Amino acid sequence: MENNLCCTEGQTFVIRTFDMKEDFEELYWKVCKGEIDKADALFLASHPSYLFCIADELRKAEKGDAVTYVVNRNINFTNICVGDCKFCAFREENGEGYLLSIDMVLSKVEEAVNNGATEICIQGGLHPDLVVADYCGIIERIKSAFDVHIHAYSPMEICHMATNSEMPEPEVLKALKDAGLDSIPGTAAEILDDSVREVICPGKIKTDDWIEIIKTAHRLGIPSTATILYGHIESLEERIDHLFKIRAIQKETGGFTEFVPLKFMRKNNELGRFVTREFTFWESAAVHALARVILHPYCVNVQASWVKLGLTEVQQMLAFGVNDLGGTLMEESISRASGSLAGEYMSPEDFEQLITDAGRRPRRRSTLYELL
Ligand code: SF4
């Protein structure tokens, strides 16, 4: 079977042609049917040309040439945090942290909505004094004034508010939903392996807790994203295992809207002192391509993060199974604190230009992937 392999070398897009041998053809059909196993994934990871080709073919079959993005705003409402994540450069440890007042939050929402935002993404540190009523209050005040999708509070924040409020997590999720919560970010997943978590984020919820909170949210009708933090101390096997855990959840609940690989940023954090090199472009490409291949056909949206990768790499990543570029953000403090140089805001015009220049078709979407 003859196939076109579309890949990038430096900044140039290259089309190569090659013959797919029989054993790869068999594996290709396994992938198409969603029957790939961990051994297959490892095999593909060691044959990147085939991996990249299959990822691109699946992306074309599932999403065509459309590349989506959402107009949103990030609001990091506090950097005061009792957490101890070793990769974090965002939390304030010297008693000089901030907590935005509700009026400051509302004025940021107003500015965003006036600039066309359809989503407000709210996350913050684990503030020691905040309880469920405070988190619900933020949502209620926004919802009473604006018609906007609220994408807020990671599973770690949900666990934190449950502890602070002495409430079970399902009750917390119900209260947030009643307040107007529309979806949650699937952050705090990092690597879903407790031996890795013990090193990089010892105080964070364990793998089973993350999975339980996410599944409970999905069961209550609260969709979420799914993420991976890659490029630090984890092994290839642990990355693949993480992807299979996400796949198993999605097969059960169908509640993930997209999968988002997040590259570890080494600056200004404790873990960065031990991680001696940054992942290369090709290593990042393999993570995105593996996500497309392993999650097929259960999760059809694979996002690349312009904040983590920068504009050149994020554009090139479109050739490796990616069909979404996330949000305009307008404000992003967390990655910037770890050394991201990509800036704080991508306008819709910037997105459209970047996607068009890659030979693809830009489409604006809602948080839940309705085309607008
Ligand atoms: S990543 Fe989040 S939970 Fe962890 S220390 Fe930083 S702000 Fe706190």
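Residue numbering for the sequence shown follows the working numbering, starting at 681 and increasing by one per position. Positions of the beta carbon are idealized from the N, C-alpha and C atoms, including for glycine. Owing to the predicted nature of the structure, the values given are computational and were not obtained by experimental measurement.
Collapsed DSSP secondary structure at residue i in the structure displayed
i, result
"residue 1042", "strand"
"residue 688", "Because the pLDDT of residue 688 is 40, which lies under 50, any placement of that residue in the model is unreliable, and the question is left without a value."
"residue 925", "helix"
"residue 749", "strand"
"residue 817", "helix"
"residue 1047", "coil"
"residue 967", "helix"
"residue 938", "strand"
"residue 951", "helix"
"residue 913", "coil"
"residue 737", "helix"
"residue 799", "strand"
Selection from the options that minimises the alpha carbon distance to residue i
i, options, result
"residue 837", "825, 827, 869", "869"
"residue 795", "819, 750, 761", "750"
"residue 881", "914, 849, 860", "914"
"residue 821", "779, 925, 790", "790"
"residue 1009", "736, 1003, 1036, 988", "988"
"residue 919", "736, 850, 941", "941"
"residue 1024", "781, 1011, 722, 1031", "1011"
"residue 764", "934, 917, 877", "877"
"residue 975", "928, 993, 956", "928"
"residue 867", "910, 840, 905", "905"
"residue 935", "846, 901, 718", "901"
"residue 797", "1037, 703, 1028, 1036", "1028"
Whole-angstrom distance between residue j and residue i, CA atom to CA atom
i, j, result
"residue 811", "residue 710", "47 Å"
"residue 824", "residue 857", "14 Å"
"residue 950", "residue 705", "45 Å"
"residue 804", "residue 892", "21 Å"
"residue 1005", "residue 738", "17 Å"
"residue 732", "residue 852", "41 Å"
"residue 978", "residue 714", "8 Å"
"residue 937", "residue 995", "21 Å"
"residue 692", "residue 984", "Per-residue confidence for residue 692 stands at a pLDDT of 39, beneath the threshold of 50, marking its modelled position as unreliable; the derived number appears in the next sentence. Approximately 19 Å, taken between the alpha carbons."
"residue 908", "residue 827", "30 Å"
"residue 766", "residue 720", "32 Å"
"residue 1043", "residue 774", "43 Å"
"residue 888", "residue 931", "17 Å"
"residue 747", "residue 874", "35 Å"
"residue 1034", "residue 982", "17 Å"
"residue 806", "residue 730", "43 Å"
"residue 816", "residue 871", "29 Å"
"residue 814", "residue 722", "45 Å"
"residue 879", "residue 848", "27 Å"
"residue 991", "residue 809", "38 Å"
CB of residue i within 8 Å of CB of residue j, strictly
i, j, result
"residue 755", "residue 785", "yes"
"residue 800", "residue 759", "no"
"residue 829", "residue 964", "no"
"residue 725", "residue 966", "yes"
"residue 903", "residue 1048", "yes"
"residue 924", "residue 971", "no"
"residue 912", "residue 944", "yes"
"residue 831", "residue 863", "yes"
"residue 740", "residue 980", "no"
"residue 745", "residue 957", "no"
"residue 896", "residue 850", "yes"
Within-8 Å CB hit, residue i to chain B
i, result
"residue 882", "The structure shown contains no chain B; it holds only a single protein chain."
Proximity test, residue i beta-carbon vs ligand 2 heavy atom, cut-off 7 Å
i, result
"residue 770", "Ligands in the displayed structure: ligand 1; ligand 2 is not one of them."
Legend entry - Complete runs of the alpha helix (DSSP H) confined to the segment 830-906 [at least 4 residues]: 835-845, 849-859, 874-880, 887-899
Inset, instruction - Jot down the residue ranges of each uninterrupted alpha helix (DSSP H) in the segment 981-1006, minimum 4 residues, whole runs only, in chain order. - result: 986-989, 991-996
Inset, instruction - Pick out the complete beta strand (DSSP E) segments inside the segment 752-785, 3 residues or longer, and give them in chain order. - result: For the segment 752-785, the full-length beta strand (DSSP E) segments reaching 3 residues or more read 752-756 along the chain.
Inset, instruction - For the segment 704-732, list the beta strand (DSSP E) runs that are entirely contained and at least 3 residues long, ordered along the chain. - result: none
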